[in-house]
Amino acid sequence: MSNRLDETLGTVGYDNLINGLYPPAEPFSVVIRKGSAETTYKRGTVLALSGGTAGDGKYVILGTAAASNETLTANCVLAEDVTVGTANDETAVAYRTGHFNSNALIMDDEHTFSAADKEALRGVGILISDAVEI
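For the sequence shown, the numbering used here begins at 1 and goes up steadily by one.
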């Protein structure tokens with residue numbers, strides 16, 4: 001059975017993550033590093049890119065402790081929920097650019113979102129600002 005063209009098929013739920021239309025939110029694929037325990041990362045999680053001489057080019061949640069000779073730099077925002085296991089790295093979709101609500105961003109509970117984190121995100125095309133929840 002087909003649907004009518006004037007029929008409502010669904011609704012959009014707003015989570016207040018996206019705070020503006022410029023720059024546009026551009027999705028891309030990322031590889032999230034496996035962990036010591038299975039973890040579900042929610043949409044809006046800020047991911048840090050592993051770099052430096054010990055870096056592997058994979059992503060971890062912002063606030064993860066860096067290994068020796070590894071740098072973890074805020075780089076993108078997770079676009080959808082993803083569960084990362086202990087056996088394999090997980091491919092996910094994240095936003096490489098966009099304008100996001102700082103109050104909706106998620107990071108490690110022990111991490112304080114710093115000016116350096118915001119500047120690193122701004123450098124890759126991600127703007128952060130406060131928004132009132134609607």
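Beta carbons: idealized from backbone N, C-alpha and C, even for Gly.
Which of the three DSSP states is assigned to residue i in this structure?
{"i": "ARG96", "result": "strand"}
{"i": "ASN88", "result": "coil"}
{"i": "SER114", "result": "coil"}
{"i": "ASN69", "result": "coil"}
{"i": "ASN103", "result": "helix"}
{"i": "ALA120", "result": "helix"}
{"i": "GLU7", "result": "coil"}
{"i": "LEU127", "result": "strand"}
{"i": "ASN75", "result": "strand"}
{"i": "SER36", "result": "coil"}
For residue i, which option in the options has the closest C-alpha, if you only look at C-alpha atoms?
{"i": "VAL84", "options": "GLY20, ILE18, GLU26, VAL31", "result": "VAL31"}
{"i": "ASN103", "options": "TYR59, THR112, TYR95", "result": "THR112"}
{"i": "LEU46", "options": "THR86, ASP117, PHE28, ALA66", "result": "Inspection of the sequence shows that residue 46 is occupied by Val rather than by Leu. When each option's Cα is compared against that of VAL46, the closest is ASP117."}
{"i": "ASP108", "options": "THR64, SER129, GLY125", "result": "THR64"}
{"i": "ALA48", "options": "GLU7, TYR95, ALA25", "result": "TYR95"}
{"i": "TYR22", "options": "ILE126, ALA131, ASP130", "result": "ILE126"}
{"i": "ALA135", "options": "GLU7, ASP6, ILE18, GLY13", "result": "The structure shown does not extend to residue 135, since the chain is modelled only from 1 to 134, so the question has no answer here."}
What number of angstroms, rounded off, separates the C-alpha of residue i from the C-alpha of residue j?
{"i": "THR39", "j": "ASP81", "result": "10 Å"}
{"i": "GLY20", "j": "HIS99", "result": "5 Å"}
{"i": "ASN101", "j": "VAL77", "result": "11 Å"}
{"i": "TYR14", "j": "LYS42", "result": "15 Å"}
{"i": "LEU105", "j": "ASP6", "result": "36 Å"}
{"i": "PRO27", "j": "GLU70", "result": "26 Å"}
{"i": "SER114", "j": "VAL124", "result": "16 Å"}
{"i": "LEU62", "j": "ALA120", "result": "12 Å"}
{"i": "ASN88", "j": "ALA54", "result": "19 Å"}
Since residue i and residue j should fall inside the 8 Å C-beta cutoff, what is the C-beta to C-beta distance between them, to a whole number of angstroms?
{"i": "LYS34", "j": "THR91", "result": "Not really, about 12 Å apart at Cβ, beyond 8 Å."}
- Whole beta strand (DSSP E) elements within the segment 38-64, 3-residue minimum: Runs found: 39-41, 46-51, 59-61.
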